[in-house]
Structures are given as C-alpha cells and as structure tokens.
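Since the structure comes first, as structure tokens, the remarks are kept for the end.
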Amino acid sequence: MYSRFYSPNVLATGSSVIHENSYSYENDYDIGVAVIDTYTHYILEFMEGINKTSQTTMEDLFNTYDPVKIRSHPGVRSDLFRRPLHDTLVTDFFGGVSQAEVLPPLDAPPRQRPTSDEPFSVPKPDVHEENQTEVFTSVGELDGQAFLTALGLGPGSEVGEPLVRKARAWASTLLVFVLAFWAASRRK
Numbered sequence: 001m002y003s004r005f006y007s008p009n010v011l012a013t014g015s016s017v018i019h020e021n022s023y024s025y026e027n028d029y030d031i032g033v034a035v036i037d038t039y040t041h042y043i044l045e046f047m048e049g050i051n052k053t054s055q056t057t058m059e060d061l062f063n064t065y066d067p068v069k070i071r072s073h074p075g076v077r078s079d080l081f082r083r084p085l086h087d088t089l090v091t092d093f094f095g096g097v098s099q100a101e102v103l104p105p106l107d108a109p110p111r112q113r114p115t116s117d118e119p120f121s122v123p124k125p126d127v128h129e130e131n132q133t134e135v136f137t138s139v140g141e142l143d144g145q146a147f148l149t150a151l152g153l154g155p156g157s158e159v160g161e162p163l164v165r166k167a168r169a170w171a172s173t174l175l176v177f178v179l180a181f182w183a184a185s186r187r188k
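Numbering (full-length UniProt numbering), first residue to last: 1 to 188.
Shown next as structure tokens:
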C-alpha cells in the first residue's frame, strides 16, 4: 500500500509485502475473532521495552523484524524519508507523553437552556467556600470565573445579552456576504 505514497518525509512500514498475508497471532474463540496479528504483536513487544528517553532508532526496530516469527516479510519504505534511519529515534514517532489531571465534580445542578427572550446565565455551583478554593487551586491554579468569562458565559461578558447577540449575528452575516461578493468579483 505504501508504494503509492509520493509525499516527502514519509517513513512507512507494513506487516507483509504484496501477495502475502499477515496472520493473526492470537484468537479469541469466545467472540470468534483475531485479537492481534503477529506483526503488531512483535512490534508491541519491542515497543514495551522503550521509554521516553530511549535512544533506540528506527533502524533498530526494523532490524528486529524476523520473517520466521512474524510469518510474513514486513516491508519498509524509506526512500521518501530524508533522515538516516540509524539517526532517527523511535520516540520521534511514538514518543508522545501527555498528562491528564482529573478535577473533582462541582456538584452543580444541570444547566437549563435559556429561552430566546431571556439572557443567558450560568448557575453558580453550590460548593462550600473552603471546597471552592480547593477545587480551583488544587490543579494548576485554575480560576473558574475567569474561565467562564473567557468563554463568554460568566459575569462581565456581553455574550448573553440579546441585543449584542443579534448585532453580532447581523455583523457576521454581512461579513459573509462581503467576502462572497469580493471572491466573486476576483474571478472575473
């Protein structure tokens, strides 16, 4: 499949060459499907030994390909890739590290949608004073009101006022028409 690529800086690998199959490594007979193919199993086994500071290269990865164990001939295409494989770290491709911090729930009642006649407002969460500080400062000094204001939902925001909303809608519509007219006039 990667023989059709023509974009620069592409490094491609596949589980088998043309006219070969990629066989399953393990089947789940309870549900009747293959759980993982052999190629993916051995790649995963290799990757489990890598950490974010590893100096293992893509050449090291490709050198672990064993057609006998994988039961096919994995392919590699590196002619479009401009860096030498022995200098390209595996972590350049598979080194993403992300952190997620879970905030405790605010125990706020569900927000009701406003009717078209009334301005939009956000109910304040029913949180005790000492808990509110903990919720907003325990993870990275978050300020709830500043966040709501930035979204246009808190105090100090004009987004909820009906007249302002209508003016913005008309201004946006006018802008779209002006841009469409300008684009049409440029084609002539």
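From the three backbone atoms N, C-alpha and C, an ideal C-beta is built for every residue, glycine too.
query: Can you tell me the Cα-Cα spacing of His41 and Tyr25, whole angstroms?
result: The straight-line gap from Cα to Cα measures roughly 7 Å.
Leu103 (DSSP reduced to helix, strand or coil): Coil at Leu103, not helix or strand.
field: Cβ pair Gly95, Leu103 closer than 9 Å
entry: Not a contact, by the Cβ cut-off of 9 Å.
field: DSSP three-state assignment for Thr137, whether helix, strand or coil
entry: Because Thr137 carries a pLDDT of 45, less than 50, the predicted location of this residue cannot be relied on, and no value is offered for it.
query: Which residues in the same chain have their Cβ closer than 6 Å to the Cβ of Arg4, if we skip the five residues on either side of it in sequence?
result: Closer than 6 Å at the Cβ level, and outside the excluded window around Arg4, lies no residue.
message: Assuming contact is defined by CB atoms lying nearer than 9 Å, are Arg82 and Pro162 in contact in what I supplied?
response: In this structure, the beta-carbon distance from Arg82 to Pro162 does not fall below 9 Å.
task: Check the C-beta distance from Val76 over to Thr13 and give it rounded, since I have them as a contact under 8 Å.
output: In this structure Val76 touches Thr13 by the C-beta definition: roughly 5 Å separates them, less than 8 Å.
query: Which residues bound the beta strand (DSSP E) around Tyr2?
result: Note, Tyr2: premise wrong, no beta strand (DSSP E); not H, not E.
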